[in-house]
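Participant:
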Amino acid sequence: MRAETASFAAKAGPRLSWATASRLTLPAAILATLFVELALAERKYGIFGGGFGQSQALDTPPAIAAFLIALLACQALVFAALYRLVRRLHGRKADTPLFHFNYAFFVGGGAIGLTIAKYQALSYFSDAMSLQIVRNLGGGSLADALLYSLSEAGLVVIAGLGAAALYVLARFLLRRAWQGSVPLPDRYRIGAGRLLTGFFAAAALLFGVNRIDEARAALARFNAPLAIGTLLHEATDFDRDGWSFYSYPIDGQPFDGTRHPYALDIPNNGVNEDGIGGDFTFTGELAEAPAPVIAGRKRNVILIVLESTRADAIGRQVDGRPLTPVLDALVAGGSAARAAYSHVGFTTASLQSLFSGELAPVDDRQSLVRDFLANGYEVGVISGQAEDFGNTAALTGMRRGALFIDGTMLKDERASTFAAQGSINIDGKILLREFDRALGSRVAWARPRFLYLNLQSAHFPYYGPGMDRILAGDPIPRGEIALATRDRVERTYLNAIAYNDRLIGALIGRLRRLGVLDETLIIVTADHGESLFDDGFLGHGHMLNDQQTRIPFILSDPGVPLDRPIGLADMRGIILRAAGADLAGAPDGKVFQYLGTLDRPIAIGLVDPAGARTTFDLFRNRFWTDRSGRWKRHDELDEVERADADRLVHDWARERWLRHLRAGSR
């Protein structure tokens, strides 16, 4: 009898432990993944306490409760649906420990791994980051953006191989442990009816939470609410205009495809198509001006664009020495803008604005290239990046000139082995070599030339093979770039700025030896700025602030009036006037800015003639003004702030309408 009891206990022990484990599989997966995601979201965004760069935080009990209830409901629904799916895929083995192991490993572990990878990919970006901004950073191509973000794919492969090895080992050990165990039936009996009930409950919760700003913004960080919200959005976008009961802003006209958030506001028709700022009023018409005539002596014009160069990097003292002595000398003997800005902080749209004089050109009908060709200039391009990236070469007409050398043509000499278009980076010394080959003789300058030169040195990760080490200390390796190493990051970046300055000095020396310097107008600017963790983030294109949008603008000619804020789109006219063209009009001192695309921005902004910025976050329906220093609804703004806000919205509608007219006249 005693032996039988011992035998029964020996068998019952493992059976009871497997039974307990089978009950814990689903709730453990829900809670473990939720805990990891909450911890990562709090660390990056400070969703509960607020943090560096966080624009909204959960700081009231109702918002916190609404967020947590909706999050838990969505998480439970998604993992319950996956539980049912994985059981079905296991067929006859659904009642064995193999199902529970696979569910925990692939669903639970996979979700945690993907979440960690997601936050690693977003580690340098702000809470304004969106799929559209990622696409913009990829030159309009989401595939290019993803390729660039996966430039360290070797680590992904290693992690994948490690996970596969771990799975094989764990399954081997598990197989030995479960031999002889009894069947483990489904403890939860998750049928279609329960899933449907859970789906409707989650739908109701998300519909309510969508109206609580802080809770909605927090939920947008999490995978399960995002997945369910996407399904609900597609199901309630009745007129298929891209907006629904579950989008934000919400579609106030769900059955009218011509009226929705971001709809083009047709002027003067009494209808407010986009629901913002009332009916747009517009006077005047789109007139296509002929190419400006450059009268008198035609000088050479060299336009140098510095990648990712912020205005405050020029004229600095580092280690007791000038960081940019060449550019400092150009400023001293020429002209410099008091305040110059990019309209949107990514390369392709910035270059298109610079060359066309428009925020978002639809073709190259108006372009510096066409302007100088029409005036008898030889036009050339020597660029360290791929100018076809984001369709820039086509929209600016760069290939119309006789000389075109860009990063794609030199990609075998690129600074990194990664070959995605957006990551091609050619060292400036190689560009000077190409200058010598194409333009290194006096005869090459027999006719006036317009030359566009693009220097990539200051592009992330701010150092590459062949760059001079001008500042003391080793450059920071890409893998060590982080907030904790901010000082080394900044120093590496500043070394790149100093290196570009040295390259410009070498170019000026060549022009002097060729005997053409005195008859050459040199212009230096940048496509956008760069955050260096000084605003909490690294990079560009996801915040409307001075770090990411304020840029240098320098001309070698003295006396050019540049005392009011200008944008990249203003520079075409300034350059042509400096070259001798008689152009009417002058910059009005206002600079319009946007995140995303002009038609569907995440945020828009306006720098006024005094340098004060007003910003409208369309997803939060809140305005920021430098006057108040905080986010407000339109009805909370005082009279002066409201006037600034209304001017911003009107200017956005005007720019969109002008682009629409240009597209219609192609």
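Residue numbers for the sequence shown follow the working numbering, so the first one is 218 and each next one is one higher. Note that CB positions come from ideal geometry on N, CA and C, so glycine has one too. All values derive from a computational prediction rather than experimental measurement.
(1) Measuring CB to CB, does SER573 end up less than 8 angstroms from SER559?
(2) Straight-line CA distance for ASN489 to ASP482?
(3) So, helix, strand or coil for SER570, using DSSP?
(4) Can you tell me whether DSSP reads LEU800 as helix, strand or coil?
(5) Quick check on the burial criterion: 16 or more other C-beta atoms within 10 angstroms. Buried or exposed for ASP852?
(6) Name, in chain order, the residues that DSSP records as bridge partners for GLU595.
(7) Consult DSSP for ASN319 and reduce its assignment to one of helix, strand or coil.
(8) Just to confirm, is the Cβ distance from LEU544 to ILE771 under 8 angstroms?
(9) Taking all protein chains shown into account, decide if GLN337 is buried (16 or more other Cβ within 10 angstroms of its Cβ) or exposed.
(10) Tell me, please, which residues DSSP counts as bridged to TRP841.
(11) Which runs of the alpha helix (DSSP H) fall wholly inside the region 674-706 and span at least 4 residues, in chain order?
(12) By Cβ distance below 7 angstroms, which residues in the same chain neighbour LEU854 in space, the five residues on each side in sequence not counted?
(13) Compare the C-alpha of ALA801 against each of ASP685, PRO509 and LYS849 and name the closest.
(14) Considering ILE445, what are the terminal residues of the alpha helix (DSSP H) in which it resides?
(15) Under three-state DSSP, which class holds GLN810?
(16) Give the list of continuous beta strand (DSSP E) stretches no shorter than 3 residues that lie fully inside the region 281-325.
(17) Look at the alpha carbon of LEU520 and the alpha carbon of VAL777, and state the distance between them as a whole number of angstroms.
(18) Between which residues of its own chain and ALA795 is the CB-CB distance below 7 angstroms, once the five residues before and five after are set aside?
(19) Considering only the alpha carbon of each residue, which of VAL535, ARG654, ALA530 and TYR669 lies closest to GLU595?
(20) Opposite ASN671 in the DSSP bridges: which residues?
(21) Express the C-alpha separation of LEU761 and ALA387 in angstroms, rounding to a whole number.
(22) Would you kindly check if the distance between the Cβ of SER525 and the Cβ of ARG404 is under 8 angstroms?
(23) Kindly give me the distance between the Cβ atoms of GLY746 and PRO782, rounded to whole angstroms, as I take these residues to be in contact under 8 angstroms.
(24) May I ask you to list the residues that DSSP assigns as paired with ASN517?
(25) Assign ARG538 to one of three DSSP states: helix, strand, or coil.
(26) Thinking LEU422 and ALA293 are a contact (beta carbons under 8 angstroms), I'd like their distance in whole angstroms, please.
(27) Which residues bound the beta strand (DSSP E) around PHE621?
(28) Express the C-alpha separation of ALA435 and THR832 in angstroms, rounding to a whole number.
(29) Residue range of the alpha helix (DSSP H) that LEU648 falls in?
(30) What separation, rounded to the nearest whole angstrom, lies between the Cα atoms of ASP653 and ARG514?
(31) Can the beta-carbon of MET615 be found less than 8 angstroms from the beta-carbon of GLU604?
(32) Would you report the Cα separation of ARG428 and ASN838, rounded to the nearest angstrom?
(33) Identify which residue in HIS307, ARG871 and LEU255 has its Cα closest to the Cα of THR332.
(34) Which residues does DSSP pair with LEU755 in a beta bridge?
(35) Over the uninterrupted alpha helix (DSSP H) stretch that includes VAL824, give me the two end residues.
(36) So the alpha helix (DSSP H) PHE417 belongs to, where does it begin and stop?
Facilitator: Let me lay it out:
(1) no
(2) 6 angstroms
(3) helix
(4) coil
(5) exposed
(6) ARG666
(7) helix
(8) yes
(9) exposed
(10) THR832 and TRP848
(11) none
(12) PHE840 and ALA862
(13) PRO509
(14) 440-453
(15) strand
(16) none
(17) 16 angstroms
(18) LEU738, LEU772, ASP774 and VAL777
(19) TYR669
(20) VAL522 and SER600
(21) 49 angstroms
(22) no
(23) Actually they are not in contact, since the Cβ atoms of GLY746 and PRO782 sit about 14 angstroms apart, beyond 8 angstroms.
(24) THR737
(25) strand
(26) Not a contact, Cβ separation roughly 11 angstroms.
(27) 620-622
(28) 21 angstroms
(29) 645-656
(30) 25 angstroms
(31) yes
(32) 12 angstroms
(33) LEU255
(34) LEU749
(35) First-last for VAL824: 818-824, but that is the beta strand (DSSP E), not the alpha helix (DSSP H).
(36) 409-426
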